[in-house]
Amino acid sequence: MRTLLIRYMVEIFDPSKGRFIVQDLVGEVSLGAVDVECILALENHGLSAEGILGEEGEDVKDRVPPQFLRKTTGKVIDDLIVDITNNKSADDDFLRRVVLVLLGIVLAPMSSKIVPKQYYALVDDVKRISKINWNTFTLRVLLDCLRNVRKGKHLRQWPRGNLALLQYLYWEKVQPLEGECAFNPSLSMEPLMRNWTEAAASRRDKFDYDHGRGHGNIKERLVAPKGRLLTM
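1110 is the number of the first residue of the sequence shown in the working numbering; add one for each residue after it.
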């Protein structure tokens, strides 16, 4: 991830508007469910993860199976990955571990090492996993974290959540008008995160270094992917 770009996006986030103020003369960009769908290919429908956590999250913390826990710290991401690698059968616990790792690393990371115990409520019922609205959950966690760190004039702490969304959002919505970084819709792939290979991201880094961040044309509306979307 581009740490400096993410910091820039955090600093231009206006918590009162829920929007990113790129520049007064350039415009603002938003981050909504359609953007998450376009960038990550997560469909915006299904059961509320927040509702599940609200109803079951506290109770489930005391009954997480011991094979998912380290005695001192809880569900450790590295341990879950080792268990996934060593597991020879794709049983229900294997699926639970995979989703917990995705939650802890990609969709809604809250720590560098630990998955919150209450997240087990989201994987307890294996048949329900694919019915949960992961789009809304990912978006809400990120925006809540941004609002929390932007309560004052200065950045209080490094935010949590899917921070990669911020860099993809900037690259897709603040588009250079000329040069090799200029937007070419014929070269755009779906989901949009696929467009940003290391080579493409490095070219954009160079453009921003040469011209400064926030220069370009605002493309506020992203188009949802037409192909088959990722569901869990």
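Note that CB positions come from ideal geometry on N, CA and C, so glycine has one too. Keep in mind that this is a model prediction, so the values were computed, not measured.
Which of the three DSSP states, helix, strand or coil, is assigned to residue i?
| i | result |
| --- | --- |
| residue 1338 | Confidence at residue 1338 is low in this model, with a pLDDT of 44, below 50, so the placement of that residue is unreliable and no value is reported for it. |
| residue 1286 | coil |
| residue 1128 | strand |
| residue 1116 | helix |
| residue 1140 | coil |
| residue 1327 | strand |
| residue 1301 | helix |
| residue 1151 | strand |
| residue 1179 | strand |
Distance check for residue j and residue i, CA to CA, integer angstroms please.
| i | j | result |
| --- | --- | --- |
| residue 1142 | residue 1284 | 20 Å |
| residue 1271 | residue 1191 | 23 Å |
| residue 1227 | residue 1252 | 20 Å |
| residue 1137 | residue 1327 | 8 Å |
| residue 1250 | residue 1318 | 30 Å |
| residue 1173 | residue 1229 | 7 Å |
| residue 1165 | residue 1189 | 22 Å |
| residue 1062 | residue 1158 | The first residue shown for the chain is 1110 and the last is 1341, placing residue 1062 beyond what the model contains. |
| residue 1218 | residue 1290 | 31 Å |
| residue 1242 | residue 1151 | 8 Å |
| residue 1193 | residue 1212 | 15 Å |
| residue 1336 | residue 1248 | For residue 1336, the pLDDT reaches just 46, beneath the cut-off of 50, and the residue's location in the model is therefore unreliable, although a value from the coordinates is still provided. Roughly 21 Å between the two C-alpha positions. |
| residue 1208 | residue 1200 | 13 Å |
| residue 1210 | residue 1224 | 8 Å |
| residue 1126 | residue 1139 | 9 Å |
| residue 1202 | residue 1320 | 50 Å |
| residue 1154 | residue 1246 | 11 Å |
| residue 1215 | residue 1204 | 16 Å |
| residue 1323 | residue 1221 | 30 Å |
| residue 1161 | residue 1110 | 30 Å |
| residue 1187 | residue 1195 | 12 Å |
| residue 1311 | residue 1266 | 27 Å |
| residue 1179 | residue 1197 | 21 Å |
| residue 1307 | residue 1232 | 33 Å |
Along the chain, where does the beta strand (DSSP E) that runs through residue i open and close?
| i | result |
| --- | --- |
| residue 1276 | Per DSSP, residue 1276 belongs to no beta strand (DSSP E); it is in the alpha helix (DSSP H), 1273-1282. |
Can you tell me where the alpha helix (DSSP H) holding residue i begins and where it ends?
| i | result |
| --- | --- |
| residue 1313 | 1307-1320 |
| residue 1190 | 1186-1195 |
| residue 1168 | 1158-1169 |
Less than 8 Å between C-beta atoms, sequence neighbours within five positions excluded: which residues of the same chain meet that for residue i?
| i | result |
| --- | --- |
| residue 1076 | Here the chain comprises residues numbered 1110 to 1341, so residue 1076 is not present and cannot be evaluated. |
| residue 1156 | 1237, 1240, 1241 and 1242 |
| residue 1286 | 1325 and 1326 |
| residue 1235 | 1201, 1204 and 1205 |
| residue 1167 | 1227 |
| residue 1278 | 1118, 1129, 1138, 1140, 1144 and 1148 |
Measure from the C-beta of residue i to each C-beta in chain D and report whether the shortest distance is under 7 Å.
| i | result |
| --- | --- |
| residue 1128 | Although the question refers to chain D, the structure presented lacks it and comprises just one protein chain. |
Taking 6 Å as the limit between beta carbons, can you name the residues of its chain near residue i, skipping five residues before and five after?
| i | result |
| --- | --- |
| residue 1298 | 1304 |
| residue 1121 | 1129 and 1130 |
Closer than 6 Å: is that where the CB of residue i sits relative to any heavy atom of the ligand GDP?
| i | result |
| --- | --- |
| residue 1196 | The model depicted lacks the ligand GDP and carries no ligand whatsoever. |
Which same chain residues, not among the five before or five after residue i, have their C-beta less than 7 Å away from its C-beta?
| i | result |
| --- | --- |
| residue 1280 | 1305 and 1313 |
| residue 1132 | 1323 |
| residue 1170 | 1226 and 1227 |
| residue 1115 | 1272, 1275 and 1276 |
| residue 1244 | 1142, 1145, 1146, 1151, 1152 and 1153 |
Minimum length 4: unbroken alpha helix (DSSP H) runs contained in the segment 1201-1251: 1201-1211 and 1235-1238
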